[in-house]
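Asks: From first to last, the protein sequence lines stand for chains A and B. UniProt numbering puts the first residue of the first sequence at 1, with every later residue one more than the last. UniProt numbering puts the first residue of the second sequence at 1, with every later residue one more than the last.
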Amino acid sequence: MSERVVVRKTYKLFIGGAFPRSESGRSYVVSSSKGKFLANASKASRKDAREAVAAARKAFPGWSSATAYNRGQILYRVAEMLEGRRSQFVTELVDADGVGVRRAGELVDAAVDRLVWYAGWSDKIGAIRGSANPVAGPYFNLSSTEPTGVVAVVAPEAGPLLGLVSVIAPVIVTGNTCVVVASERAPLPSITLAEVLATSDLPGGVVNILTGSAAEIAPWLAGHMDVNAIDLTGAEPELAVSCEQDAAENLKRVLRPASGKADWITDPGTGRMTAFLETKTVWHPIGI
Amino acid sequence: MTTAPLAEVTASNSTLRGFLHGLPGVDRVGADARAAMLGTRSIKTTSKRQAIDLALRMVDLTTLEGADTPGKVKAMCAKAVHPDPTDPSVPSVAAVCVYPDLVATAVQALGGSGVKVASVATAFPSGRSSLEVKVADTAFAVADGASEIDMVIDRGAFLAGDYLKVFEQIAAVKAACGSAHLKVILETGELSTYDNVRRASWLAMIAGADFIKTSTGKVSPAATLPVTLVMLEAVRDFLRTAGRKVGVKPAGGIRTTKDAIKYLVLVNETAGPDWLDPDWFRLGASSLVNDLLMQRQKMATGRYAGPDYFTLD
Chain A
1 MSERVVVRKT
11 YKLFIGGAFP
21 RSESGRSYVV
31 SSSKGKFLAN
41 ASKASRKDAR
51 EAVAAARKAF
61 PGWSSATAYN
71 RGQILYRVAE
81 MLEGRRSQFV
91 TELVDADGVG
101 VRRAGELVDA
111 AVDRLVWYAG
121 WSDKIGAIRG
131 SANPVAGPYF
141 NLSSTEPTGV
151 VAVVAPEAGP
161 LLGLVSVIAP
171 VIVTGNTCVV
181 VASERAPLPS
191 ITLAEVLATS
201 DLPGGVVNIL
211 TGSAAEIAPW
221 LAGHMDVNAI
231 DLTGAEPELA
241 VSCEQDAAEN
251 LKRVLRPASG
261 KADWITDPGT
271 GRMTAFLETK
281 TVWHPIGI
Chain B
1 MTTAPLAEVT
11 ASNSTLRGFL
21 HGLPGVDRVG
31 ADARAAMLGT
41 RSIKTTSKRQ
51 AIDLALRMVD
61 LTTLEGADTP
71 GKVKAMCAKA
81 VHPDPTDPSV
91 PSVAAVCVYP
101 DLVATAVQAL
111 GGSGVKVASV
121 ATAFPSGRSS
131 LEVKVADTAF
141 AVADGASEID
151 MVIDRGAFLA
161 GDYLKVFEQI
171 AAVKAACGSA
181 HLKVILETGE
191 LSTYDNVRRA
201 SWLAMIAGAD
211 FIKTSTGKVS
221 PAATLPVTLV
231 MLEAVRDFLR
241 TAGRKVGVKP
251 AGGIRTTKDA
261 IKYLVLVNET
271 AGPDWLDPDW
281 FRLGASSLVN
291 DLLMQRQKMA
301 TGRYAGPDYF
311 TLD
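1. Restricting to Cα atoms, I'd like to know which of B:P83, B:A172, B:V219 is closest to E132 (chain B).
2. Using the C-alpha atoms, what's the distance from T10 (chain A) back to K34 (chain A)?
3. With DSSP as the reference, label Y139 (chain A) as helix, strand or coil.
4. Looking at the secondary structure, which residues open and close the alpha helix (DSSP H) in which I170 (chain B) lies?
5. Which residues, in order along the region 239 to 261 of chain A, keep a beta-carbon less than 8 Å from a beta-carbon of chain B?
6. What residues from the region 251 to 281 of chain B come within 9 Å of chain A, judged by C-beta to C-beta, listed N to C?
7. From which residue to which residue does the alpha helix (DSSP H) around N268 (chain B) run?
8. Going straight from the alpha carbon of R49 (chain B) to that of L251 (chain A), what length do you get?
9. Please report the distance separating the alpha-carbon of K44 (chain B) from that of A247 (chain A).
10. If you draw a straight line from the alpha carbon of A36 (chain B) to that of V227 (chain B), how long is it in whole angstroms?
11. Looking at the unbroken alpha helix (DSSP H) that takes in L82 (chain A), where does it start and where does it end?
12. Around the C-beta of S190 (chain A), are 16 or more other C-beta atoms found within 10 angstroms, so that it is buried, or is it exposed?
13. Do V94 (chain A) and A104 (chain A) have their CB atoms nearer than 8 Å?
14. Could you tell me which of A:S32, A:A54, A:D123 sits nearest to V99 (chain A), measuring between CA atoms?
15. Spell out whether any CB of chain B is found under 8 Å from the CB atom of V220 (chain A).
16. Indicate the three-state DSSP secondary structure (helix, strand or coil) for V53 (chain A) in the structure shown.
17. Which whole runs of the alpha helix (DSSP H) in the region 70 to 121 of chain B are 4 residues long or more, in chain order?
18. What does the alpha-carbon distance come out to for the pair A139 (chain B) and H82 (chain B)?
19. Could you name the residues of the same chain whose beta carbon sits closer than 7 Å to that of P187 (chain A), not counting the 5 residues immediately before and after it, in chain order?
20. At a Cβ threshold of 8 Å, is M225 (chain A) touching chain B?
21. Using 8 Å as the limit for Cβ to Cβ distance, is T311 (chain B) near chain A?
22. Quick one: what does DSSP say L312 (chain B) is sitting in, helix, strand or coil?
23. Would you list, in sequence order, the uninterrupted alpha helix (DSSP H) runs of no fewer than 4 residues that lie entirely inside the region 6 to 51 of chain B?
24. If you reduce the DSSP assignment to three classes, tell me which class G234 (chain A) lands in.
25. Could you tell me the distance, in whole angstroms, from the CA atom of V154 (chain A) to the CA atom of Q295 (chain B)?
26. DSSP state of G189 (chain B), grouped into three classes?
27. Measure from the C-beta of R303 (chain B) to each C-beta in chain A and report whether the shortest distance is under 8 Å.
28. Would M1 (chain B) pass as an interface residue toward chain A - the criterion being a Cβ-Cβ separation below 8 Å?
29. What is the residue span of the alpha helix (DSSP H) that P219 (chain A) lies within?
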């Protein structure tokens with residue numbers, strides 16, 4: 001019997017709930033931390049980014065008007081599905097980062113916990129960010145939170161799963177939709193996460209994942225007039241500065257990359273959620 | 001074929017039927033394949049810029065809803081004259097297309113801007129009424145100042161083989177149009193076969209149509225590339241046979257710049273560059289304009305544009 005031929009995989013993008021190839025037809029080789037061939041990944045172009053933004057915009061009205069309870073339940077569901085693929089993620093993290101199996105397992109568990117943690121915030125963020133404001137007049141004055149819109153996310157290079165989940169979950173839990181540029185070095189966990197998202201109840205287009213070069217794609221997202229905010233967490237310093245300048249054109253909200261080495265294990269706080277929220281204030285007459 | 005036989009074919013329903021059924025059949029697979037092949041052609045930079053402006057000049061900006069109000073028509077007319085108020089280099093569209101009762105509003109709103117007013121008529125969109133009503137509908141729109149009339153053919157009569165009835169109705173409406181241009185809507189989505197599209201095209205042209213138009217926009221499928229291909233072949237052959245040039249207007253379902261450019265390529269490769277002019281080719285559309293404007297802005301600024309910066313339609 002001849003030896004079995006190993007399947008050489010070429011993974012695709014995740015746009016609008018589907019898995020299309022890059023419009024450009026390009027792909028690149030993904031290697032393990034030890035230089036072993038793992039798979040091919042699509043190398044997204046600016047036109048893929050444009051399609052992804054269109055998909056995210058299309059998904060926004062439905063996702064932002066879903067109840068907080070519903071969004072929370074869907075994030076719990078994503079956590080469940082992610083847990084179900086634990087062994088696959090562990091293998092991918094071992095390959096990508098050269099960490100031990102035990103450590104990789106801890107990172108996957110942390111990613112599941114992170115999703116559950118953010119899922120719980122869906123119906124509580126309004127309580128800490130909204131307020132009843134005292135005003136000198138016969139009005140109830142109430143401020144409540146609204147999602148910003150379509151958020152472009154440059155995912156961190158380090159932390160291909162935990163880092164990725166930690167930037168996506170806070171954006172979508174409040175009702176935003178997003179276009180994510182995954183880690184260029186280690187995109188395989190992002191592709192598996194896309195498969196997880198596609199098989200949970202997340203509506204297509206709420207999360208769109210592009211693999212490829214952040215330096216190539218991020219400037220197009222930063223300049224895109226139909227993107228409302230950009231999270232530059234994974235952008236190199238020079239790229240982050242130029243993206244922030246491009247983002248000024250339509251006054252996007254910008255989340256700058258943190259200085260120093262990113263620590264994804266510790267309690268993330270609510271900062272990432274509140275960075276992509278707007279405040280709506282209503283004046284309601286009383287006593288008339 | 002020469003001009004003389006064309007005059008004779010309308011002598012009776014049987015001669016007309018004989019002529020229309022004598023037209024060569026359309027190779028459906030071939031037409032689909034050719035339209036698909038032309039649709040893959042890539043148009044870049046300067047050509048694309050020209051194509052976008054040409055497509056804009058060809059648009060019949062259309063609103064045909066039961067909920068149309070004079071206010072909506074006025075807003076649409078303003079958009080027709082200056083599609084992008086922030087950029088004076090953007091050309092006006094060819095025409096606006098409204099229901100007959102809103103023609104007067106549109107004429108007043110457009111003034112001397114050069115944008116024409118087209119009106120649908122003849123019991124649009126079904127065409128199910130008496131000839132008297134259809135003619136009166138047309139005369140009403142023309143009297144209010146419409147310079148183009150979009151009529152629908154009686155698809156029931158056409159499919160039943162009563163070609164002479166369809167012919168006579170088109171001729172009667174043409175007479176009621178006076179100096180107004182007549183566009184004949186074939187409603188290809190209801191004609192089932194490409195052979196029928198070719199026959200209906202010839203029938204409309206023999207009866208005096210100035211334009212043949214694919215669809216009302218109320219039936220799916222509306223305009224498709226292969227159907228437009230068949231119609232473009234018909235106008236090309238009609239010019240050779242009868243010596244009269246007829247225009248083509250695909251309408252319905254054309255929403256993106258990419259779609260519009262596919263149609264322009266199809267026109268150039270089928271009927272020829274002579275038809276690449278708003279006098280001979282129109283695009284019936286409404287949401288297409290914003291996509292053209294966004295593409296235009298992308299080429300000017302180098303960044304992708306968003307719909308927030310253009311008027312709603």
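Every residue gets a Cβ at the ideal spot worked out from N, C-alpha and C, and that includes glycine. Since this is a predicted model, take the numbers as computed values, not measurements.
Replies: This is what the structure holds:
1. B:A172
2. 20 Å
3. strand
4. 163 to 177
5. D246, E249, N250
6. none
7. 257 to 270
8. 28 Å
9. 27 Å
10. 12 Å
11. 68 to 84
12. buried
13. yes
14. A:S32
15. Note that residue 220 (chain A) is Trp in the sequence shown, not Val. It does; some Cβ of chain B falls within 8 Å.
16. helix
17. 70 to 81, 103 to 110
18. 30 Å
19. V30, A41, T211
20. yes
21. no
22. coil
23. 13 to 22, 28 to 39
24. coil
25. 25 Å
26. helix
27. yes
28. Residue placement at M1 (chain B) is flagged as unreliable, the pLDDT there being 44, under the threshold of 50; the coordinate-derived value follows with that caveat. Output row for M1 (chain B): interface = no.
29. 214 to 223
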